[in-house]
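Novice: Before we start, here is the structure in question, set down as structure tokens.
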Amino acid sequence: MGFGTFIIGSIINFIVSMISIFLLWGVYFRPYAVRPHVDDAALATFDLLPVPNATHTYTLRYDLTINMTFFNDHRIYGIRFDHLTAGIYYSGTKLGPSDETLPSFKLHTRRHRTVYPALQGRASNVSATVAEAFAREHAQGQFNIDVRVKTTLTYRWWPDVSTYYREYDCWLQFMPPPGNGTPAVTGGIKCDKA
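Plus 9 on top of the position in the sequence shown (first one is 1) and you've got this note's numbering.
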């Protein structure tokens, strides 16, 4: 009876220990706590131009530069940001052929890193929905632009290596750029998980 009680007690202690370790692991490894923050953003160009010799066909020109900060609030482990890209979306439509690839980096505990994506280009043959949204928001005096940041987060804490794929939406609101070389600016935006 003493040996059976010992085995049952050991199994219960082992199960309670594993549940405790799992809960601590779940609290400390939480990638949802890591989100980028847009410190400053400048929209130099955002124009909808008709395509010559074409009916109801438009080209959207854009030039957006961003100061985006990532902060590792964790006190125990560093986070590696790999495959970091930023792309611009307007009215649900991706502008430009590809996202801008940003350099990979590692954030040590309680550190921050600022990256500077520059999204510029021309979206040809934009849809009528985008043209309508542009006309409506231009008349209202405020453009709503989504910058989508995609990354792979890698947490290394011996003996575990956890990798998460994350997408963040940074909704930026701009006044229409005045067109005299002075950009429209905004900032202080915390990005949300997509």
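For each residue, glycine too, the CB sits at the ideal point set by N, CA and C. Note that this is a predicted model, so its numbers are computed, not measured.
How far does the alpha helix (DSSP H) with T138 in it reach, from first residue to last?
Specialist: Note, T138: alpha helix (DSSP H), A137 to Q149.
Novice: Buried or exposed for P187, please, with buried defined as at least 16 other CB atoms from any protein chain shown within 10 angstroms of its CB.
Specialist: It counts as exposed.
Novice: In terms of residues, what are the limits of the beta strand (DSSP E) holding W180?
Specialist: Counting along the chain, the beta strand (DSSP E) containing W180 begins and ends at D169 to F183.
Novice: Taking the CB atoms as reference points, tell me whether T74 and A132 lie closer together than 9 Å.
Specialist: Taking 9 Å as the Cβ cut-off, T74 and A132 do not qualify as a contacting pair.
Novice: Quick one: grab the DSSP three-state call for I85.
Specialist: In the structure shown, I85 sits in coil (DSSP, three-state: anything other than H, G, I, E or B).
Novice: How do the region 87-94 and the region 146-166 stand: do at least 3 beta-carbon pairs fall below 8 Å, yes or no?
Specialist: Counting Cβ pairs under 8 Å, three or more are found: they touch.
Novice: Can you tell which of F114, T68 and Q129 has the C-alpha that lies nearest to the C-alpha of T123?
Specialist: For the residues F114, T68 and Q129, the minimum Cα distance to T123 belongs to F114.
Novice: Measuring CA to CA, which of V194, L33, S136 and Y174 is closest to N76?
Specialist: Closest option to N76, Cα to Cα, is V194.
Novice: What's the gap between the Cα of H117 and the Cα of Y174?
Specialist: If I take the Cα positions, the gap works out to 19 Å.
Novice: Quick check on the DSSP output: the beta strand (DSSP E) that includes T64 runs from which residue to which?
Specialist: First-last for T64: undefined, no H or E at that position.
Novice: Determine, using beta-carbon pairs with one atom in the region 99-108 and one in the region 129-147, whether at least three such pairs fall under 8 Å.
Specialist: As far as the Cβ criterion goes, the region 99-108 touches the region 129-147, which means the pair count is three or higher.
Novice: Buried or exposed for L33, going by 16 or more other Cβ atoms inside 10 Å?
Specialist: Answer is exposed; the Cβ neighbour count stays below 16.
Novice: Find the nearest neighbour of L57 within the set R120, T66 and L181, judged by alpha-carbon distance.
Specialist: Residue T66 is the option with its Cα nearest to L57.
Novice: Nearest by alpha-carbon distance to F143: which of M184, R44, G130 and T191 is it?
Specialist: F143 has its Cα closest to that of M184, out of M184, R44, G130 and T191.
Novice: Taking I88 as the reference, give the member of D169, F15 and A203 with the closest Cα.
Specialist: The shortest C-alpha separation from I88 is found at D169.
Novice: Would you tell me roughly how many angstroms separate the C-alpha atoms of W148 and P61, rounded to the nearest one?
Specialist: Per the sequence shown, residue 148 should be read as Ala rather than Trp. So the alpha carbons of these two residues sit roughly 24 Å apart.
Novice: Distance, Cα to Cα, D82 vs T64?
Specialist: Roughly 52 Å between the two C-alpha positions.
Novice: Is L104 near L69, with beta carbons less than 9 Å apart?
Specialist: Yes, they are a contact pair.
Novice: Applying the 10 Å Cβ sphere with the 16-neighbour rule, what's the burial state of F12?
Specialist: It counts as exposed.
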